[in-house]
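Undergrad: Under this note's numbering, residues 21 to 381 are what the sequence shown spells out, in order. For every residue, glycine included, the Cβ atom is placed at its ideal position computed from N, Cα and C. The structure displayed is predicted, hence computed values, not measured ones. Pasting a structure below so you can have a look.
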Amino acid sequence: MRILGIESSCDETAVAIVENGQTILSNVVVSQIDIFAAYGGVIPEIAARSHLEAILPAVHQAFQKAGLVTDSGQDDWSKIDAIAVTHTPGLLGSLLVGTLTARTFAILNHKPLYAVHHLKSHIYANWLQASLLPVFPLIALIISGGHTQIVKMSAHQNFEIIGTTRDDAVGECFDKIAKILGLPYPGGPSIAKAAKTGNSSTYSFPHPMPGTLDFSFSGLKTAVLREVQKATEKPISFPSSQLAALLTDQQRADFAASFEQTAVDILIEKIKLALKQNPETQSLIIAGGVSANQRLRHDLQIFIEQQNSKLHNKINLFFPEPRFSGDNGAMVASAAYYEILSNITPSDPYTLNIMPRSEIK
Ligand SMILES: Nc1ncnc2c1ncn2[C@@H]1O[C@H](COP(=O)(O)OP(=O)(O)OP(=O)(O)O)[C@@H](O)[C@H]1O
Ligand SMILES: [Mg+2]
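See the structure below:
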């Protein structure tokens, strides 16, 4: 079964064609990072306009790259079984562009339309190109630009949120701290790069909300800001946007490394608690943009190996391929494939609406 997946919830216009939820025939991602690097963050109005320009060429490219073209070189819709689209959660204007595009193609080509929750798609990125598939019951740690959640799944389509952030998402925290340190947008990759030459034990930062599965990252951001003020000998009243220029390269690297290690340690502490509270867990899945972080991958791998040497019940750890960590259309198609296998009713292409906010389901 071939599914065309469309994703436009934030600042990536992405279209992919995926076979049976796993095999990638094409995966087109048009990123707006270059546009927003100049602003230091996403401007919703500009994101929506950029999606409008990129979406139809991206659909066409997805067909071309998959080799699904008619003799006259047109996109061959007869080779597509269903269309899947992110309709929630995300930026209102951005979601509208992808959803209206999917609705239109579904009507024109008489294809079933699947409306997929964005966080569900991040989870199903772990099914893409996988030689070994996750097994239930599983725990998914969703760490992205807008969300930080621990979700328990006893089967496909069964989601129970067992931990969530009370304030900022971890990806947002990376982005905000990068700004304080004068590192470019998006903050995650630039902090990871700067951290390579830094010493992670130079500064110590708090681990909020110990003993619970909930997270809090806004205090961590403030703690880093206070340490930067101290290191630059500036008062709280000094404009934070001017602090970065006063840091040496080594201080910047040490802050990046110390913060990255703290964020990774917090995530692993929460996972440790979630696994302790759910000893029947078979698989641990990491999902969302922050799952690209190499320090996290390394430290979690070691943690799970240690756990498995002690436990009767071995846990398999899954990370998406780094190209599927961030937003992409392939994960939307994969999530929809398992909706089809679960006999979920397709959406009405004449009425499907978007929702900027909603819980995973
Ligand atoms: N190597 C990395 N280390 C840490 N964070 C990273 C890395 N690469 C990307 N990120 C972070 O991932 C986030 C983007 O992830 P993603 O695209 O999944 O988020 P989003 O789609 O904007 O938000 P959501 O999925 O919650 O709607 C950004 O905050 C970015 O800084
Ligand atoms: Mg995302």
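What first and last residue would you give for the beta strand (DSSP E) that runs through lysine 172?
TA: In the sequence shown, the residue the question calls residue 172 occupies position 152. Unbroken beta strand (DSSP E) run through lysine 172: 168–175.
Undergrad: Would you check if there are 3 or more beta carbon pairs closer than 8 Å linking the segment 153–170 to the segment 286–305?
TA: Yes, since at least three Cβ pairs between the segment 153–170 and the segment 286–305 fall closer than 8 Å, the two stretches touch.
Undergrad: Taking the C-alpha atoms as reference points, what is the distance between leucine 320 and glutamine 94?
TA: Taking the first residue of the sequence shown as position 1, residue 320 is located at position 300. Taking the first residue of the sequence shown as position 1, residue 94 is located at position 74. Distance between the alpha carbons of leucine 320 and glutamine 94: 46 Å.
Undergrad: Rounded to whole angstroms, how far is the Cβ of alanine 384 from the Cβ of valine 48, which I believe are closer than 8 Å?
TA: Look at the range of the chain in this structure, 21 to 381, and you will see that residue 384 is not part of it.
Undergrad: Any chance the CB of alanine 30 is under 7 Å from a heavy atom of ligand 2?
TA: Mapped onto the sequence shown, residue 30 falls at position 10. Going by the sequence as given, residue 30 is cysteine instead of alanine. Yes, the Cβ of cysteine 30 comes within 7 Å of a heavy atom of ligand 2.
Undergrad: Assign threonine 222 to one of three DSSP states: helix, strand, or coil.
TA: As a position in the sequence shown, residue 222 is number 202, starting the count at 1. Of the three classes helix, strand and coil, the one that applies to threonine 222 here is coil, per DSSP.
Undergrad: Give me the Cα-Cα distance between alanine 68 and serine 114, rounded to the nearest whole angstrom.
TA: The count along the sequence shown starts at 1 and reaches residue 68 at position 48. The count along the sequence shown starts at 1 and reaches residue 114 at position 94. Alanine 68 and serine 114: Cα-Cα distance of roughly 5 Å.
Undergrad: Listed in chain order, which residues are found with a beta carbon closer than 5 Å to a heavy atom of ligand 2?
TA: Going by the Cβ distance cut-off, the answer is Ser164, Asp347.
Undergrad: Is the beta carbon of valine 310 within less than 7 Å of some heavy atom of ligand 1?
TA: The residue you call residue 310 lines up with position 290 of the sequence shown. Valine 310 Cβ: within cutoff of ligand 1.
Undergrad: Between Gln52, Ile103, Ile143, which lies nearest to isoleucine 162 when the distance is taken from Cα to Cα?
TA: Working through the sequence shown from its first residue, we reach residue 162 at position 142. Residue Ile143 is the option with its Cα nearest to isoleucine 162.
Undergrad: Sorted by chain position, which residues of the same chain lie with C-beta nearer than 8 Å to isoleucine 100's C-beta, five sequence neighbours on each side aside?
TA: Working through the sequence shown from its first residue, we reach residue 100 at position 80. Cβ within range, chain order: Arg22, Ile23, Leu24, Ile37, Leu88, Asn129, Lys131.
Undergrad: Rounded C-beta distance between isoleucine 324 and isoleucine 335? I'm assuming under 8 Å.
TA: Sequence index remark: in the sequence shown, residue 324 carries index 304 (1-based). Sequence index remark: in the sequence shown, residue 335 carries index 315 (1-based). Right, their Cβ atoms sit about 6 Å apart.
Undergrad: Rounded to a whole number of angstroms, what is the C-alpha to C-alpha distance between alanine 126 and aspartate 347?
TA: Position 106 of the sequence shown holds residue 126. Position 327 of the sequence shown holds residue 347. Rounded to the nearest angstrom, the two C-alpha atoms are 22 Å apart.
Undergrad: Less than 8 Å between the beta carbons of leucine 263 and glutamine 249, yes or no?
TA: Start at 1 with the first residue of the sequence shown, and residue 263 comes out as number 243. Start at 1 with the first residue of the sequence shown, and residue 249 comes out as number 229. Contact flag set, yes.
Undergrad: What would DSSP say about threonine 282, mapped onto helix, strand or coil?
TA: On the sequence shown, residue 282 is found 262 positions in, with the first residue counted as 1. Threonine 282: helix per DSSP, three-state reduction.
Undergrad: Could you check if histidine 107 belongs to the surroundings of ligand 1, using beta carbon to heavy atom distance under 7 Å?
TA: On the sequence shown, residue 107 is found 87 positions in, with the first residue counted as 1. No, since every heavy atom of ligand 1 falls outside the 7 Å radius drawn around the Cβ of histidine 107.
Undergrad: On the three-state DSSP scale, how would you describe glycine 93?
TA: The residue given as residue 93 occupies position 73 in the sequence shown. Correct three-state label for glycine 93: coil.
Undergrad: Going by the beta-carbon positions, is the gap between valine 310 and glycine 191 smaller than 8 Å?
TA: Locating residue 310 in the sequence shown gives position 290, counting from the first residue. Locating residue 191 in the sequence shown gives position 171, counting from the first residue. Yes. Within cutoff.
Undergrad: So for glutamate 359, helix, strand or coil by DSSP?
TA: On the sequence shown, position 339 is the one that residue 359 refers to. Helix.
Undergrad: Leucine 180 lies in the alpha helix (DSSP H); which residues open and close that run?
TA: The residue given as residue 180 occupies position 160 in the sequence shown. A small fix is needed here, since residue 180 is glutamate in this sequence, not leucine. Looking at the DSSP string, glutamate 180 is not in any alpha helix (DSSP H); the run it does join, the beta strand (DSSP E), is 178–184.
Undergrad: Return the CA-CA distance between serine 260 and lysine 196, expressed in angstroms with no decimal places.
TA: Along the sequence shown, read from residue 1 onward, the residue named residue 260 stands at position 240. Along the sequence shown, read from residue 1 onward, the residue named residue 196 stands at position 176. One C-alpha to the other measures close to 11 Å.
Undergrad: What residue from Gly207, Ser367, Thr252, Ala355 has the CA that sits closest to glutamine 177's CA?
TA: For the purposes of this step, residue 177 is taken as residue 157 along the sequence shown, with counting starting at 1. For glutamine 177, the nearest C-alpha among the options comes from Ala355.
Undergrad: Going by the CB atoms, is the gap between phenylalanine 235 and glycine 166 shorter than 8 Å?
TA: Working through the sequence shown from its first residue, we reach residue 166 at position 146. Working through the sequence shown from its first residue, we reach residue 235 at position 215. Cβ distance not < 8 Å, so glycine 166 and phenylalanine 235 don't count as in contact.
Undergrad: By the three-class DSSP mapping on this structure, what secondary structure does asparagine 47 have?
TA: In the sequence shown, the residue the question calls residue 47 occupies position 27. The answer is strand: DSSP assigns asparagine 47 an E or B state.
Undergrad: According to DSSP, simplified to helix, strand and coil, what is isoleucine 103?
TA: By 1-based counting over the sequence shown, the position of residue 103 is 83. Three-state result, isoleucine 103: strand.
Undergrad: Taking 7 Å as the cut-off, does the CB of threonine 192 come closer than this to any heavy atom belonging to ligand 1?
TA: Position 172 of the sequence shown, counting from 1, holds the residue named residue 192. Position check: residue 192 holds glutamate in this sequence, whereas threonine was assumed. Yes; taking the cut-off as 7 Å, the Cβ of glutamate 192 has a heavy atom of ligand 1 nearer than that.
Undergrad: Can we count proline 206 as close to ligand 1, meaning its CB is less than 7 Å from some heavy atom?
TA: Here residue 206 refers to the residue found at position 186 of the sequence shown. Flag set: Cβ of proline 206 near ligand 1.
Undergrad: Could you please give the first and the last residue of the uninterrupted alpha helix (DSSP H) stretch that includes isoleucine 322?
TA: Position 302 of the sequence shown, counted from the first residue, corresponds to residue 322. It spans 314–330 - the alpha helix (DSSP H) in which isoleucine 322 sits, taken as one unbroken run.
Undergrad: Does tyrosine 370 pass the burial test, meaning 16 or more other C-beta atoms within 10 Å, or should it be called exposed?
TA: Taking the sequence shown and counting its residues from 1, one reaches residue 370 at position 350. Flag for tyrosine 370 reads exposed.
Undergrad: Excluding five sequence neighbours on each side, which residues of the same chain lie with their C-beta closer than 7 Å to the C-beta of arginine 123?
TA: As a working mapping, residue 123 is identified with position 103 in the sequence shown. The residues are Leu133, Pro369, Leu372.
Undergrad: In three-state DSSP terms, what is tyrosine 134?
TA: For the purposes of this step, residue 134 is taken as residue 114 along the sequence shown, with counting starting at 1. If DSSP states are grouped into helix, strand and coil, tyrosine 134 belongs with the strands.
Undergrad: Taking the continuous alpha helix (DSSP H) assigned at alanine 78, which residues delimit it?
TA: Residue 78 sits at position 58 when you count from the first residue of the sequence shown. It spans 64–86 - the alpha helix (DSSP H) in which alanine 78 sits, taken as one unbroken run.
Undergrad: To the nearest angstrom, how far is the alpha carbon of glutamate 32 from that of lysine 213?
TA: Indexing the sequence shown from 1 puts residue 32 at position 12. Indexing the sequence shown from 1 puts residue 213 at position 193. Rounded to the nearest angstrom, the two C-alpha atoms are 22 Å apart.
Undergrad: Is there at least one non-hydrogen atom of ligand 1 closer than 7 Å to the beta-carbon of proline 64?
TA: Residue numbering aside, residue 64 sits at position 44 when the sequence shown is read from its first letter. The answer is no for proline 64.
Undergrad: Classify glutamate 247 as helix, strand or coil using the three-state DSSP reduction.
TA: Counting from one through the sequence shown, the residue named residue 247 turns up at place 227. In this structure, glutamate 247 counts as helix in the three-state DSSP scheme.
Undergrad: Between the alpha carbons of threonine 185 and glutamate 289, how many angstroms are there, rounded?
TA: Counted from its first residue, the sequence shown places residue 185 at position 165. Counted from its first residue, the sequence shown places residue 289 at position 269. Near 14 Å, if we compare the C-alpha coordinates of glutamate 289 and threonine 185.
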